[in-house]
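Worksheet: the structure to be examined is printed underneath.
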Amino acid sequence: MNKAIQLYQQTRQLTPQSKQLDAQVLAQICFALQRAMDSNDPFALNQVCGDLRLVWVTIRGLMLDEQHPYPQSLKESLLQLAETVLNELRQEPVDADLSLVLQISQEMVLGLNG
Amino acid sequence: MVSPISGSTQAVAQTQQSTPTTATTAVSNTAKTSSPESSSANATSNKTTRSTDAERYTAVQQNLSNSKTAIGAASTANKEIDTQLKQVRDIATKLADEKITGKDREKLQADYTKARDSIIASQEKATVKSGSGNNATKTNLLTDSKNQTVSTNTRGGELEVASSKSAKALGLPEKIGSAADAKALLSGDDKKAGSLANAEKATQDTTARLKKADEDVSKRLETASLAAKAAQRLENAKAGNSRTLSADQEEQRNQALEQAKQAREQIKTQFSGLSQSSANKNVNSLSALFS
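As you go down the protein sequences, you meet chains A and B in turn.
Be aware that the first sequence starts at 84, since it is given in my numbering, and climbs by one per residue.
Be aware that the second sequence starts at -8, since it is given in my numbering, and climbs by one per residue.
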């Protein structure tokens, strides 16, 4: 019984932390993307688009995990958003709708911070 | 005759000293046209002279384009001059014959004057005008006393397109008064100013030089055009209007944004993050990606 309580306490501590960590990772990338767009720096744009691609491929992988605790409808929604973002990121940064990518990613940050 | 160069009235380029967003005038056939007054004006009205990257790249593109037009006009005029010099050689050869006298000689002399005038007219045809009003500049790559300076990038890079700096009518005498004058014109070597050989050599050199300059400017123009296009697309992307979307695409975009907002609200209600409880060992957590 004590072990169960201990595990519950650990989970209570770890889960909000993981949410914040995810928010932090996405927020940093959103900031980098915004800065690269503002500075019109092609090198920075290439770099941040590469990072974003990695993040969204990972999100897609996580949402495909049957054991992920999110409700199915949310997982499906996030999978669709991942496809939208990755479709844009498959293009050259100058051709991609980075504003859309940024807005979607920022919504995720807000959700994870909420 | 002055051919107008279409396009912007002021080509803008970046000088090494200027800030990255300050535009300065840089198109000129006389080295640089930016004066202390204009620099001061730029400083005091910095806000109004600030230009976007796309505008500056486009200005460089325009500058190179103007230069290409000037080279084209000079090349066309130079070809005409080459043909006219052949006529001059024919006429001078006939005039060198002492047996030709009277009306025949007068006619040949008139033909010579006409050919020489045509050379002057062709030289003038090489003049192109860029800009308008106070910013208007004229460039003639055959007769200008100075080379043309062309901005090649937004960081102050410049290219000099050499002018032939040719004398009026390539230094050919106004008249061929006698057979001796004609012989003198024909016999002088290409180093002797005013000789026909000298004029022909100058024309051949101009042809080669303009061809090389045209190739160089064309390459740079291609690069500048791509850079201008890319900068414009980047600015469009930043402004969120990177593409002209069809109604369907616009709707899909709005749907994606709406879906993202709904997902945001749903994630807020979740206890765990995106990376939570992954049983799949092949999938990283987000934080592990950049740790």
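Every residue, glycine too, gets a C-beta built ideally from N, C-alpha and C.
How big is the Cα-Cα spacing for residue i and residue j?
i	j	result
A317 of chain B	A193 of chain B	Only positions -8 to 282 of chain B appear in the structure, and residue 317 of chain B is not among them; the question remains open.
Y153 of chain A	S101 of chain A	14 Å
S109 of chain B	P164 of chain B	14 Å
Q103 of chain A	M191 of chain A	11 Å
R146 of chain B	A50 of chain B	12 Å
A247 of chain B	K202 of chain B	54 Å
K85 of chain B	N125 of chain B	49 Å
Q163 of chain A	A219 of chain B	35 Å
N69 of chain B	E191 of chain B	11 Å
S226 of chain B	L116 of chain A	According to the sequence as given, residue 226 of chain B is Glu; it is not Ser. Approximately 14 Å, taken between the alpha carbons.
A110 of chain A	H151 of chain A	22 Å
R118 of chain A	A61 of chain B	41 Å
N144 of chain B	L150 of chain B	10 Å
K23 of chain B	T140 of chain B	With a pLDDT of 36 at K23 of chain B, under the threshold of 50, the predicted position of this residue should be treated as unreliable, and no value is reported.
R214 of chain A	G148 of chain B	In the structure displayed, chain A extends from 84 to 197; residue 214 of chain A sits before or after that span and is not available.
T74 of chain B	D207 of chain B	26 Å
Q78 of chain B	A199 of chain B	21 Å
K129 of chain B	L212 of chain B	20 Å
E116 of chain B	D181 of chain B	Note on residue identity: the sequence assigns Lys, not Glu, to residue 116 of chain B. Straight-line Cα distance between these residues: approximately 25 Å.
E241 of chain B	F114 of chain A	25 Å
K159 of chain B	Q195 of chain B	17 Å
P176 of chain A	N129 of chain A	6 Å
A251 of chain B	E171 of chain A	15 Å
L104 of chain B	N131 of chain B	Per the sequence shown, residue 104 of chain B should be read as Thr rather than Leu. Each residue's Cα considered, the two are about 23 Å apart.
K156 of chain B	Q114 of chain B	11 Å
I91 of chain B	G185 of chain B	23 Å
A87 of chain B	T197 of chain B	28 Å
D239 of chain B	N245 of chain B	10 Å
Q100 of chain B	G179 of chain B	19 Å
S237 of chain B	S154 of chain B	50 Å
A286 of chain B	L76 of chain B	Absent from the model: residue 286 of chain B. The displayed extent of chain B is -8 to 282, so no value can be given.
N57 of chain B	D124 of chain A	28 Å
Between the options, which lies nearest to residue i when the distance is taken from Cα to Cα?
i	options	result
D143 of chain A	A:D124, A:E175, A:E190, A:T167	Residue identity check: residue 143 of chain A is Arg in the sequence provided, not Asp. With distances taken between Cα atoms, R143 of chain A lies closest to A:T167.
G194 of chain A	B:A279, B:F281, B:L280, B:F262	B:F262
D102 of chain B	B:Q53, B:S56, B:R80, B:G63	B:R80
K166 of chain B	B:A83, B:S142, B:D207, B:E226	B:A83
A127 of chain B	B:Q250, B:T118, B:E97	B:T118
G162 of chain B	B:N189, B:Q139, B:I258, B:S237	B:N189
K137 of chain B	B:V152, B:S56, B:R255	B:V152
L277 of chain B	A:V138, A:L147, A:S122, A:V131	A:V138
A112 of chain B	B:R96, B:E71, B:E249	B:E71
A254 of chain B	A:Q155, A:E171, A:M120	A:Q155
L181 of chain A	A:I112, A:A106, A:V140	A:I112
M146 of chain A	B:L280, B:L265, B:A279	B:L265
T134 of chain B	B:K183, B:L76, B:A65, B:A238	B:A65
R136 of chain A	A:N196, A:G197, A:L185	A:L185
D134 of chain A	A:D178, A:L169, A:G197, A:N196	A:L169
R107 of chain B	B:G93, B:L187, B:D95	B:L187
A215 of chain B	B:S142, B:S169, B:A204	B:S142
E46 of chain B	B:A221, B:Q243, B:E256	B:A221
N196 of chain A	B:F281, B:A279, B:T260, B:L280	B:T260
S160 of chain A	B:F281, B:Q257, B:L280	B:Q257
So which residues of chain B does residue i contact, with C-beta pairs closer than 8 Å?
i	result
Q186 of chain A	L248, A251
L200 of chain A	With chain A covering 84 to 197 only, the question about residue 200 of chain A has no answer from this structure.
Residues of chain B with CB closer than 7 Å to the CB of residue i, please, in chain order.
i	result
Q265 of chain A	It is not possible to answer for residue 265 of chain A, since the shown part of chain A is limited to 84 through 197.
L169 of chain A	Per Cβ cutoff of 7 Å: no residues; L169 of chain A is ~12 Å from chain B at best.
What I want to know is whether the C-beta of residue i ends up closer than 7 Å to one or more non-hydrogen atoms of the ligand COA.
i	result
A127 of chain A	You won't find the ligand COA in this model; it holds no ligand whatsoever.
Quick one: list the residues of chain A neighbouring residue i, beta-carbon separation under 7 Å, in chain order.
i	result
D81 of chain B	What D81 of chain B touches in chain A: nothing, since even the nearest Cβ is about 58 Å away.
E206 of chain B	Simply none; closest approach about 27 Å.
From the DSSP output, which residues share a beta bridge with residue i?
i	result
L150 of chain B	B:V141
Cβ closer than 9 Å: which chain A residues qualify as neighbours of residue i?
i	result
S278 of chain B	S101, L104, D105, Q107, V108
R47 of chain B	Residues of chain A passing the Cβ test: none, with the nearest at roughly 11 Å.
Using a C-beta to C-beta distance shorter than 8 Å, which residues of chain A count as neighbours of residue i?
i	result
D44 of chain B	N123
R333 of chain B	Outside the shown range of chain B, which is -8 to 282, sits residue 333 of chain B, and nothing can be said about it.
E226 of chain B	N123
Residues from the region 111 to 124 of chain A in contact with chain B, defined by Cβ distance under 7 Å: Identification of residues in the region 111 to 124 of chain A having a C-beta nearer than 7 Å to some C-beta of chain B yields M120, D121, N123, given in sequence order.
Output needed in chain order: residues of the region 255 to 267 of chain B with a Cβ under 9 Å from some Cβ in chain A. Hits within the stretch, in order: R255, E256, Q257, I258, K259, T260, Q261, F262, S263, G264, L265, S266, Q267.
Scan the region 128 to 157 of chain A for residues whose Cβ lies nearer than 7 Å to a Cβ of chain B and list them as they occur along the chain. Using a CB distance below 7 Å, the part of the region 128 to 157 of chain A facing chain B consists of L137, V138, T141, I142, G144, L145, D148, Q150, H151, P152, Y153, L157, ordered along the chain.
Residues of the region 155 to 187 of chain B whose Cβ lies closer than 7 Å to any Cβ of chain A, in chain order: In summary, no residue of the region 155 to 187 of chain B has a CB separated from any CB of chain A by less than 7 Å.
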